[in-house]
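I have placed the structure first, in the form of structure tokens, so that the comments after it can refer back to it.
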Amino acid sequence: MHPFAYTRVSDVATAVEEVASDPGSEFLAGGTTEVDMLRVGVARPRRVVDINALPISRIEEGDGGVRLGGLARMSDVAAHPVVRERYPVLAQALEKGASPQLRNMATIGGNLMQRVRCAYFRDGGAACNKRVPGSGCAAVGGVNRGHAVLGTSEHCIAAHPSDAAVALTALDAVVRLRGPDGERSVPVDDFFLLPGDTPEREHPVGHGELITAVDVPPVPAARTSVYLKVRDRESYEFALASAAVVLRVEDGMVAEARIGLGGVATKPWRAREAEGALVGAPAEGASYELAAVREMQGAVPRGMNAFKVELAERTVVRALHMAAERQGGAR
Ligand code: SF4
0 MHPFAYTRVS DVATAVEEVA SDPGSEFLAG GTTEVDMLRV GVARPRRVVD INALPISRIE
60 EGDGGVRLGG LARMSDVAAH PVVRERYPVL AQALEKGASP QLRNMATIGG NLMQRVRCAY
120 FRDGGAACNK RVPGSGCAAV GGVNRGHAVL GTSEHCIAAH PSDAAVALTA LDAVVRLRGP
180 DGERSVPVDD FFLLPGDTPE REHPVGHGEL ITAVDVPPVP AARTSVYLKV RDRESYEFAL
240 ASAAVVLRVE DGMVAEARIG LGGVATKPWR AREAEGALVG APAEGASYEL AAVREMQGAV
300 PRGMNAFKVE LAERTVVRAL HMAAERQGGA R
């Protein structure tokens, strides 16, 4: 392991100052991914600034929504009664992510900041534009069964790994940041960048900016929301395809639809094409299928991951049926 210095801080201002003033410093929260990257030598900071003692782990109700502290643990968010009642899609996504041990350590902020990566990213002998910008992408012509089909570029096709971020995208959450120039908020859909020509840059976040909270706005229809995750095994596995669905049906017609996709895109994917096709359509299977196909029309499969196009369509359709049934508006 590359040697590094370790600092523990107890207030937000000091944490921001410590990292912002040193380009070789990084924040360390739950460490469930970061420590892994340190061990394999992919992350090589000069210093880590441990922020676990910062007072930003509360989960608070307010204005009809909920504020999740940046250091709120995944397991605590999933178990919170307000989250379970108002945003079951988020509780389900969190409970289907990682393992119980990891969920007890991993934080909401860390979950959003985890690297978008594939197996080649961890392999120092493979070309990887994220690890070494400009070195190429071994996955494009290599083993790419788990990779993305939406939002890719020739420079990176890694699928975004988070489940929670998919639910937060469907819920229009807002990420609150504190940096050396003060506070700002970023809508979660803008918080994740497509790889494009610069896959090493994953967020519009400056060095030293810290996630202090994630605000989830009031979404009344989310009380019957659903997160459906399809994977090779039933626990501790990334999604091959997942769908976060908020659906409101009135008089048999779709009045509101919010859909996030995971496992198939380079960022948590807001399925706006599908949403546009659904609103105003009859709440029935034919509408769901048409919407799913429309969303996946822009998919770019690469050899081994071509199956994901149909899998994603089927996942969306099934999740829409589940959400409609929960609301009692199924046909
Ligand atoms: Fe690296 Fe992305 Fe290519 Fe994987 S898909 S090897 S993370 S550039």
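Mapping of the sequence shown onto numbering that gives the first Met the number 0: residues 0 to 330, in sequence order.
We treat Cβ as the ideally placed atom computed from N, Cα and C, and that holds for glycine.
Worksheet item: Distance, Cα to Cα, residue 216 vs residue 2?
Response: As a working note, residue 216 is residue 217 in the sequence shown. As a working note, residue 2 is residue 3 in the sequence shown. Each residue's alpha carbon lies about 42 Å from the other.
Fill in: Straight-line Cα distance separating residue 229 from residue 331
In this structure the chain extends from 0 to 330, so residue 331 is not present and cannot be described.
Item to complete: Consider the C-beta atom of residue 333 and the heavy atoms of the ligand SF4; say whether any pair is separated by less than 7 Å.
Response: There is simply no residue 333 to check, as the chain begins at 0 and stops at 330 in what is shown.
Worksheet entry | C-beta atoms of residue 135 and residue 265 nearer than 8 Å | Position 136 of the sequence shown, counted from the start, is the residue given in the question as residue 135. Position 266 of the sequence shown, counted from the start, is the residue given in the question as residue 265. Contact: no.
Discussion item. I'd like to confirm something about residue 273: is its beta-carbon nearer than 7 Å to some heavy atom of the ligand SF4, or not?
Written reply: The residue labelled residue 273 in the question sits at position 274 within the sequence shown. Every heavy atom of the ligand SF4 is 7 Å or more from the Cβ of residue 273, so no.
Worksheet item: Under three-state DSSP, which class holds residue 330?
Response: Stepping through the sequence shown from its first residue, residue 330 is reached at position 331. Since pLDDT at residue 330 reaches only 45, below the 50 mark, its modelled position is unreliable, and no value is offered.
Item to complete: Return yes when the C-beta of residue 3 is under 7 Å from any heavy atom of the ligand SF4, and no when it is not.
Response: Within the sequence shown, numbered from 1, the residue matching residue 3 stands at position 4. False, no ligand heavy atom lies under 7 Å from that Cβ.
Fill in: Residue span of the alpha helix (DSSP H) that contains residue 108, given as start and end
As a first step, residue 108 must be located in the sequence shown, where it is residue number 109. Looking at the DSSP string, the run of the alpha helix (DSSP H) that includes residue 108 is 107-112.
Worksheet item: CB residue 117 to CB residue 145, shorter than 8 Å?
Response: Start at 1 with the first residue of the sequence shown, and residue 117 comes out as number 118. Start at 1 with the first residue of the sequence shown, and residue 145 comes out as number 146. The answer is yes: Cβ separation under 8 Å.
Item to complete: Work out the CA separation of residue 130 and residue 243 for me, nearest whole Å.
Response: Residue numbering aside, residue 243 sits at position 244 when the sequence shown is read from its first letter. Residue numbering aside, residue 130 sits at position 131 when the sequence shown is read from its first letter. The straight-line gap from Cα to Cα measures roughly 30 Å.
Worksheet item: Where do the ends of the alpha helix (DSSP H) carrying residue 211 lie?
Response: Reading the sequence shown from its first residue, position 212 is the one you call residue 211. In the DSSP annotation of this structure, residue 211 is not part of any alpha helix (DSSP H); the continuous beta strand (DSSP E) holding it starts and ends at 209-215.
Worksheet item: Apart from the five residues just before and just after residue 38, which ones in its own chain have a Cβ nearer than 8 Å to its Cβ?
Response: Indexing the sequence shown from 1 puts residue 38 at position 39. Closer than 8 Å at the Cβ level, and outside the excluded window around residue 38, lie 0.
Worksheet item: Buried or exposed: where does residue 279 fall if 16 or more other Cβ atoms within 10 Å of its Cβ makes it buried?
Response: Counting from one through the sequence shown, the residue named residue 279 turns up at place 280. With fewer than 16 Cβ atoms within 10 Å of its Cβ, residue 279 is classed as exposed.
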